[in-house]
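Residue 130 in numbering that gives the first Met the number 0 is what sits at position 131 of the sequence shown, and the numbering runs on without skipping anything.
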Amino acid sequence: MADKTKTDISVTFNKTCSSSSSDSFSFEADSDKNGSKSTFQAVDDMAYYKLWPGGKAPTLWSNLGTVSNAGTASETVTESITIYKSKSGTLSKLPVGDVSYSWTGSYTGDATPTFAGKAISFSTTCTGILSCSYEAYYDTLTINTSTSGTVMVTAEKDSMTGDTTVDFTGTSTQRKVYLTVKDACNKEILSGVTISLRLADSDPWTSVGTTDAKGQIYLGELWTGKKYKLKLVKSGYYDSDS
């Protein structure tokens, strides 16, 4: 009878883990506060960004200037997720609470998705457009710098990371500015209105002069992109800052 030899084989399985989209921070320019600005001016401007998800208290860093967390807020997110011959999908934000959903038009496959964080899963392969609505937290970031350049901002918390860049290379120009003053109620031209001007609340008021018979006054060559404060005074009217 032939000898039988026993061989022991030891196998080690190494698991490689990669961060999923739910383990990262994302930055979004706050259009309500920034307006149409995509380029900002050093010193004068403040850039406002939303950091998703909020409420994580991350460590913030910037290569220029300062970045501060002004607090956490919530927003209703409504989005359409395209699913094509797949058992999975991904929400763009991390939901807080339940996710409301409905299929847009026809679809194939499992009608009922399962939500776990940002991940969407189905029991069978699906094709269709899934409309989702949910609440999500974000932090409001304020970013400014006294040095012109591209500002890099990072956020880190445990394994979560994220970064963005903000353009602070904007410049301003001077333009001649004329002001016409009218009665707020009847829209009549107002002459003899004393006008004062300043840039910041801490600055003293600078007298510009009084409006002429046409209710007009030349304010000077003012810088574009800056916010000036005006004070209007006329007998028989409340002062504009009252």
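For glycine and all other residues, C-beta sits at the position ideal for the given N, C-alpha and C.
Computed from a prediction, not measured in an experiment: that's the story for all the values here.
Neighbour-count burial assignment, residue i, 16 or more Cβ in a 10 Å radius
i, result
"residue 152", "buried"
"residue 69", "exposed"
"residue 144", "buried"
"residue 83", "exposed"
"residue 202", "exposed"
"residue 154", "buried"
"residue 217", "exposed"
"residue 191", "exposed"
"residue 88", "buried"
"residue 200", "exposed"
"residue 240", "exposed"
"residue 31", "exposed"
"residue 133", "buried"
"residue 175", "exposed"
"residue 44", "buried"
Other residues of its chain near residue i: CB distance less than 7 Å, five sequence neighbours each side excluded
i, result
"residue 147", "41, 167 and 168"
"residue 189", "180, 181, 182, 210, 214 and 233"
"residue 101", "130"
"residue 226", "none"
"residue 150", "61, 62, 63, 64, 142, 144, 164, 165 and 167"
"residue 236", "none"
"residue 205", "195, 196 and 197"
"residue 212", "190"
N- and C-terminal bounds of the beta strand (DSSP E) containing residue i
i, result
"residue 86", "65-89"
"residue 30", "Here residue 30 belongs to no beta strand (DSSP E); instead the alpha helix (DSSP H) covers 30-33."
"residue 97", "94-102"
"residue 59", "58-61"
"residue 219", "215-222"
"residue 229", "228-232"
"residue 114", "113-115"
Bounding residues of the alpha helix (DSSP H) (the contiguous stretch that carries residue i)
i, result
"residue 202", "Run containing residue 202: none; DSSP gives neither H nor E here."
Own chain partners of residue i with C-beta closer than 8 Å, once the 5 adjacent residues on each side are dropped
i, result
"residue 93", "21, 51, 52, 116, 117, 135 and 136"
"residue 37", "28 and 166"
"residue 173", "220, 221, 222 and 223"
"residue 140", "26, 47, 48, 49, 50, 59, 66, 67, 68, 69 and 152"
"residue 187", "181"
Residues sharing a beta bridge with residue i, DSSP
i, result
"residue 46", "142"
"residue 127", "82"
"residue 25", "51"
"residue 120", "87 and 113"
"residue 209", "193"
Residues near residue i in its chain [Cβ-Cβ closer than 6 Å; skip 5 each side]
i, result
"residue 49", "27, 29 and 137"
"residue 109", "121, 122, 123 and 125"
"residue 114", "98"
"residue 46", "39, 142 and 165"
"residue 104", "none"
"residue 238", "232"
"residue 81", "128"
"residue 193", "209 and 232"
"residue 228", "197"
"residue 71", "53, 54, 136 and 138"
Residue-level contact to chain C via CB, residue i, 9 Å cutoff
i, result
"residue 125", "Absent from the structure: chain C. Only one protein chain is present."
Would you list, in sequence order, the uninterrupted beta strand (DSSP E) runs of no fewer than 3 residues that lie entirely inside the stretch 130-181?
-> 148-156, 159-167 and 173-179
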